[in-house]
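Engineer: Under our numbering, think of the first position of the sequence shown as 1172, with each following residue one higher.
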Amino acid sequence: MKTQKTWFITGASRGFGHTITKAVLASGDKVVATVRNTPDEFISQFDNNPNLYAVILDVTNETQARAAVADAIGHFGKIDVLVNNAGYGLLSAVEEATTEEVKKNYEVNVFGLLNVTKAVLPYMRKQRSGHIINISSIGGLSAYFGWGLYGSTKFAVEGITEALALELAPLGIHATVVAPGFFRTNFLDESSLTRSSNVIDDYADTVGKMREIATQINRKQPGDPEKLAQAFITLANAERPPVHLPLGTDTLNRFREKTAAFEQDIEDWYEVVTGTDHDDVQAA
1172 MKTQKTWFIT GASRGFGHTI TKAVLASGDK VVATVRNTPD EFISQFDNNP NLYAVILDVT
1232 NETQARAAVA DAIGHFGKID VLVNNAGYGL LSAVEEATTE EVKKNYEVNV FGLLNVTKAV
1292 LPYMRKQRSG HIINISSIGG LSAYFGWGLY GSTKFAVEGI TEALALELAP LGIHATVVAP
1352 GFFRTNFLDE SSLTRSSNVI DDYADTVGKM REIATQINRK QPGDPEKLAQ AFITLANAER
1412 PPVHLPLGTD TLNRFREKTA AFEQDIEDWY EVVTGTDHDD VQAA
């Protein structure tokens, strides 16, 4: 018999968050969904399912994050799975974006994730169980021109999750970072993607082309969000979940290309790579 889990999903009003919420409820589990406003309106989209509870949360507000998690615990009694989904994209050359644009992206994608994770962990540590699932990106595994700054927030999520997995394993808590490729969601819409206000003509052949591509492929991406949501359910029910889970053949291919190039660099520069140790270390 399936044990009913309680999920806490951030950014549930659209995109991956909405699709995952729908799939989790269909599986029979409970969901605490965070939205930016009108929780009653959100719940009505799911026919007022009693297994769904919505709370208002701006993930950049640490106090609000703690209150939302406490509210969730008060309502359902526990949180078994945390999905840190809230985030948005920034399409810009590294040089183009303003400091404010970059800081805002980090506030949501990195510090917001940390706010919610730190709010949930005391409860998971007390129950000695749980699973933190952080959503990264294909851009968090390998850089693209135009996505370097956004990708850097996801590189941070990758590193944070790796450390969490090591720190939490003795406590019976799992941590997984999921890196989706290009999925057919609203990510490339204005609601989820910010483009730098500054445009430098010298990047026309790189970042400029990426801006055109982003417009052209919007709503035509290869990944199926509903299949992604089912992958999340499989992940949450796994006895031995992975630390890294790339989703989509585009992500897998991109990562394999990167690791192959990295291995070639090591081979080409092997003497330099291994030649920087102290002499006594080399002798040993």
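Ideal Cβ positions, reconstructed from N, Cα and C, are used throughout, including at glycine.
Can you list, in chain order, the residues of its chain with a C-beta nearer than 6 Å to that of Phe1179? Leave out the 5 residues immediately preceding and following it.
Structural biologist: Here residue 1179 corresponds to residue number 8 of the sequence shown, with the count starting at 1. Answer for Phe1179: Val1203, Ala1243, Ile1250, Leu1253, listed in chain order.
Engineer: At the level of alpha carbons, what is the spacing between Ser1143 and Phe1187?
Structural biologist: Residue 1143 lies beyond the range of the chain shown here (1172 to 1455); nothing can be said about it.
Engineer: Report yes or no: do three or more beta-carbon pairs, one from the segment 1330-1349 and one from the segment 1410-1417, lie closer than 8 Å?
Structural biologist: Using a C-beta cut-off of 8 Å, the segment 1330-1349 makes contact with the segment 1410-1417, since at least three inter-stretch Cβ pairs fall below that distance.
Engineer: Using the Cα positions of Pro1221 and Gln1175, report the straight-line distance between them to the nearest angstrom.
Structural biologist: Your numbering for residue 1221 matches position 50 in the sequence shown. Your numbering for residue 1175 matches position 4 in the sequence shown. Per the coordinates, the alpha-carbon of Pro1221 lies some 14 Å from the alpha-carbon of Gln1175.
Engineer: On the DSSP letters alone, give me the boundaries of the beta strand (DSSP E) that Thr1347 sits inside.
Structural biologist: Sequence index remark: in the sequence shown, residue 1347 carries index 176 (1-based). Note, Thr1347: beta strand (DSSP E), 1344-1351.
Engineer: Using the three-state DSSP reduction, which class does Gly1456 fall into: helix, strand or coil?
Structural biologist: Since the first residue shown for the chain is 1172 and the last is 1455, residue 1456 is missing from the structure and cannot be characterised.
Engineer: Quick check on the DSSP output: the beta strand (DSSP E) that includes Tyr1277 runs from which residue to which?
Structural biologist: Reading the sequence shown from its first residue, position 106 is the one you call residue 1277. That residue, Tyr1277, is in no beta strand (DSSP E); its alpha helix (DSSP H) goes 1270-1277.
Engineer: With DSSP collapsed to three states, give me the class of Leu1262.
Structural biologist: As a first step, residue 1262 is located in the sequence shown; it is residue number 91 there, counting from the start. DSSP places Leu1262 in strand when its eight states are reduced to three.
Engineer: Under 6 Å Cβ to Cβ from Pro1341, same chain only, skipping five residues before and after it: list those, please.
Structural biologist: Position 170 of the sequence shown, counted from the first residue, corresponds to residue 1341. Contacts found: none.
Engineer: Hey, Ser1368 and Thr1269 are a contact pair by Cβ (cut 8 Å); roughly how many whole angstroms apart?
Structural biologist: Reading the sequence shown from its first residue, position 197 is the one you call residue 1368. Reading the sequence shown from its first residue, position 98 is the one you call residue 1269. Confirmed, Cβ separation roughly 7 Å.
Engineer: Check whether the Cβ of Leu1406 lies closer than 7 Å to any Cβ atom in chain B.
Structural biologist: Absent from the structure is chain B; it holds one protein chain and no more.
Engineer: Which whole-angstrom value describes the C-beta separation of His1246 and Tyr1224, a residue pair presumed to lie in contact below a C-beta threshold of 8 Å?
Structural biologist: In the sequence shown, the residue the question calls residue 1246 occupies position 75. In the sequence shown, the residue the question calls residue 1224 occupies position 53. So it is a contact: roughly 5 Å between Cβ atoms.
Engineer: Taking the beta carbon of Trp1440 as the centre, do at least 16 other beta carbons fall within 10 Å, making it buried, or is it exposed?
Structural biologist: In the sequence shown, counting from the first residue as 1, residue 1440 sits at position 269. Under this definition Trp1440 is an exposed residue.
Engineer: Using the Cα positions of Glu1438 and Gly1446, report the straight-line distance between them to the nearest angstrom.
Structural biologist: To locate residue 1438, count along the sequence shown from 1; it is residue 267. To locate residue 1446, count along the sequence shown from 1; it is residue 275. The alpha-carbon atoms of Glu1438 and Gly1446 are separated by roughly 13 Å.
Engineer: Can the beta-carbon of Ile1344 be found closer than 7 Å to that of Met1295?
Structural biologist: Start at 1 with the first residue of the sequence shown, and residue 1344 comes out as number 173. Start at 1 with the first residue of the sequence shown, and residue 1295 comes out as number 124. Their beta carbons are under 7 Å apart, which means Ile1344 touches Met1295 by this criterion.
Engineer: Would you mind stating whether Phe1326 and Asp1421 have Cβ atoms separated by less than 7 Å?
Structural biologist: By one-based count along the sequence shown, residue 1326 stands at place 155. By one-based count along the sequence shown, residue 1421 stands at place 250. Against a cut-off of 7 Å, the Cβ pair of Asp1421 and Phe1326 comes out as no contact.
Engineer: So Ala1147 packs on Leu1228, CB below 8 Å; how close in whole Å?
Structural biologist: With the chain represented from 1172 up to 1455, any question about residue 1147 goes unanswered, as that position is not in the structure.
Engineer: Whose C-alpha, out of Glu1267, Thr1205, Ile1404, Val1273, is nearest the C-alpha of Thr1377?
Structural biologist: Along the sequence shown, read from residue 1 onward, the residue named residue 1377 stands at position 206. Taking only the C-alpha atoms, the option nearest Thr1377 is Glu1267.
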